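Trainee: Numbering that gives the first Met the number 0 applies: residue 0 is where the sequence shown begins, and numbers increase by one. Where a beta carbon is used, it is the ideal one built from N, C-alpha and C, also for glycine. Keep in mind that this is a model prediction, so the values were computed, not measured.
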Amino acid sequence: MLTLYRSGTGPWHRMPAGPKTLLLLLLVLGVSLLPASWPAAAIAAAVCLACYVVPGVGFRELGRQVWGLRWLVVVAFGIPCIFLGVEAATVGTVRIVVAVVLAGLLSLTTPVAALLDVVERALRPLRVIGVDATRVALLLVVALGTVPTLTRLAREVRVAQRARGARGIRVFVVPFVVLALRHADDLGDALSARGVR
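1. Take G17 and list the residues in its own chain whose beta-carbon comes closer than 7 Å to its own, dropping the five residues that flank it on each side.
2. How long is the line joining the alpha carbons of R181 and L149, rounded to whole angstroms?
3. Helix, strand or coil for S6, going by three-state DSSP, please let me know.
4. Taking contact to mean at least 3 C-beta pairs separated by less than 8 Å, is the segment 86-99 in contact with the segment 28-48?
5. How many Å lie between S191 and G91 at the Cα?
6. Which ranges would you report for the alpha helix (DSSP H) in the segment 39-69 if only whole runs of at least 4 residues count?
7. Hey, quick one: how far does the alpha helix (DSSP H) through R166 stretch, first residue to last?
8. My guess is that A87 and A35 are in contact by the Cβ rule of under 8 Å, so how many angstroms apart are they, rounded?
9. If you count every other CB in all the chains shown that lies within 10 Å of the CB of V130, and 16 or more means buried, which is it?
10. Over the uninterrupted alpha helix (DSSP H) stretch that includes G129, give me the two end residues.
11. Around the Cβ of R183, are there at least 16 other Cβ atoms within 10 angstroms (buried) or fewer (exposed)?
12. What residue from K19, P124, L33 and R69 has the CA that sits closest to R154's CA?
13. Is S31 helix, strand or coil when you go by DSSP?
14. Could you tell me how far apart the beta carbons of L122 and A102 are, in whole angstroms, since I believe they sit closer than 8 Å?
15. Counting along the chain, where does the alpha helix (DSSP H) carrying T89 start and finish?
16. So, helix, strand or coil for S198, using DSSP?
17. Rounded to whole angstroms, how far is the Cβ of G55 from the Cβ of T8, which I believe are closer than 8 Å?
18. Does the distance from the C-beta atom of E218 to that of L107 stay below 8 Å?
19. Tell me the rounded alpha-carbon separation between V53 and V30.
20. Nearest-angstrom Cα distance between R120 and A162?
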């Protein structure tokens, strides 16, 4: 299974997976509950910057994460802007970007095994009502890594396009879909090999 984890010695890397996951979830929840106003957008952006300025991660990684979301930003801002206005569209877009980027921070600084363990422990009490904590944990961890993985695949396709001098949406979509399906196939094979059905 592909992982986005990058080893390091910074505070985010040293923080135990459980408290780190809880902290980032609370930050995302807090940002989501902010009112739709310009100050709220500034606060959400400041929270994100503060999380990435920590040694071991850095602004370069933040830039990489945000740049990977540029098409999501266009869609998330463009459509609401028409119906809700610039302020509401900006705040909504900032909330979405911050949530995805903070999820990316968790993926970058926490090994997959540690994430699985945290989610499984959190869901263990739900076994009494028939919830399979192991499967749910695996599903959540895979979902968490999907957006950044697809972003990386899109970047690879664009680099290959530029190298060949090819342009156009069709030239991008076909290889991207093929790579995404291949990734899904590899992921399915890896899960099957580990006995997950």
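Mentor: Based on what the coordinates show:
1. Cβ neighbours of G17 beyond the five flanking positions: V117.
2. So the two alpha carbons sit approximately 11 Å from each other.
3. In the structure shown, the three-state DSSP call for S6 is coil.
4. The segment 86-99 makes contact with the segment 28-48: 3 or more CB pairs, one atom from each, lie closer than 8 Å.
5. Rounded to whole angstroms, S191 and G91 show a C-alpha spacing of 38 Å.
6. Positions of the alpha helix (DSSP H) runs, each at least 4 residues long and wholly inside the segment 39-69, are given as 58-67 in order along the chain.
7. In the DSSP assignment, R166 falls outside any alpha helix (DSSP H) and carries neither an H nor an E.
8. Yes, they are in contact, since the Cβ atoms of A87 and A35 sit about 5 Å apart, within 8 Å.
9. Its Cβ having fewer than 16 others within 10 Å, V130 is exposed.
10. From DSSP, G129 is part of no alpha helix (DSSP H); its letter is neither H nor E.
11. In the sequence as displayed, the identity of residue 183 is Ala instead of Arg. A183 counts as exposed, since fewer than 16 other beta carbons sit within 10 angstroms of its beta carbon.
12. Per the Cα distances, R69.
13. The answer is helix: DSSP assigns S31 an H, G or I state.
14. Taking the Cβ atoms as the reference, L122 lies roughly 18 Å from A102, outside the contact range of under 8 Å.
15. Note, T89: alpha helix (DSSP H), V85 to T108.
16. Residue 198 cannot be examined here, being either before or after the span of the chain that is shown, 0 to 196.
17. G55 to T8, Cβ: 6 Å. Contact.
18. The question about residue 218 has no answer, for the chain in this structure spans 0 to 196.
19. Taking the Cα positions, V53 is about 19 Å away from V30.
20. Rounded to the nearest whole angstrom, the CA to CA distance from R120 to A162 is 47 Å.
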